[in-house]
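**Student:** Reminder that position 120 of the sequence shown reads as 120 in the UniProt record's numbering, one-by-one numbering, no gaps.
Positions of the beta carbon are idealized from the N, C-alpha and C atoms, including for glycine.
What you are looking at is a predicted structure, and each value in this text was computed from that prediction instead of being measured.
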Amino acid sequence: MTTEDTGALVRSAHAQKLDEIIRSIANSYRDIVKASGIETRVIDSCSNFRVEVEALNLTKGCEDLLEFISELKTIVLTNDSKSAAQESSEFEQQVKLKSEKTDLMISHLISKVEHILTKLERIETLPLSNKRTD
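#1: Near Asp68, which residues of its chain fall below 7 Å by C-beta distance, leaving aside the five closest residues on each side in sequence?
#2: Compare the C-alpha of Lys75 against each of Cys62, Phe91 and Glu100 and name the closest.
#3: Counting only the same chain and skipping the five closest in sequence on each side, list residues whose C-beta sits under 8 Å from that of Leu109.
#4: With distances taken from CA atoms, which of Leu120, Ser88, Met105 and Ala35 is nearest Ala8?
#5: Restricting to Cα atoms, I'd like to know which of Thr102, Thr2 and Gln94 is closest to Arg11.
#6: Are Ser107 and Gly61 closer than 8 Å when you measure CB to CB?
#7: Keeping to the same chain, check which residues put their C-beta closer than 7 Å to that of Ala55; ignore five residues upstream and five downstream.
#8: Using the Cβ count rule (16 or more neighbours within 10 Å means buried), how would you classify Ala35?
#9: Using a 10 Å radius around the Cβ and a threshold of 16 neighbouring Cβ atoms, would you call Leu58 buried or exposed?
#10: Can you grab the Cα-Cα spacing for the pair Val113 / Lys119, in whole Å?
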């Protein structure tokens, strides 16, 4: 196995780890929104607990991302400068693409939440006779 093959495997592993961390953060954010009880004005203690758990998951994802960045800095500092610069440049491009994907996912999620909130506001402003009862 050549040095280039090894470098490609390392970059692939780092990209996969970054994907997992970003997916975890996005999922935790989504779960917080789901668990926050948007459907009702009253959030019971169970829902509050679930929101706290999901917030902890989000925090854990952010901590994982910071730890991953620290590991990458260590790798860059310990590798020779030419190969590290090349790998760093390639990885920066991968991170940029992943970041753009993440931004789109979060933007899409935010727009969905805003849409749901708008619908809920409309429902709450309807007279009682027009509201559906289940």
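**Tutor:** Taking the geometry as given:
#1: The displayed chain sequence assigns Phe, not Asp, to residue 68. Same-chain partners within the cutoff: Lys17, Leu18 and Ile21.
#2: Per the sequence shown, the amino acid found at residue 75 is Ile instead of Lys. Taking only the C-alpha atoms, the option nearest Ile75 is Phe91.
#3: Ala26, Tyr29, Arg30 and Val33
#4: Ser88
#5: Gln94
#6: no
#7: Ile32
#8: buried
#9: buried
#10: 10 Å
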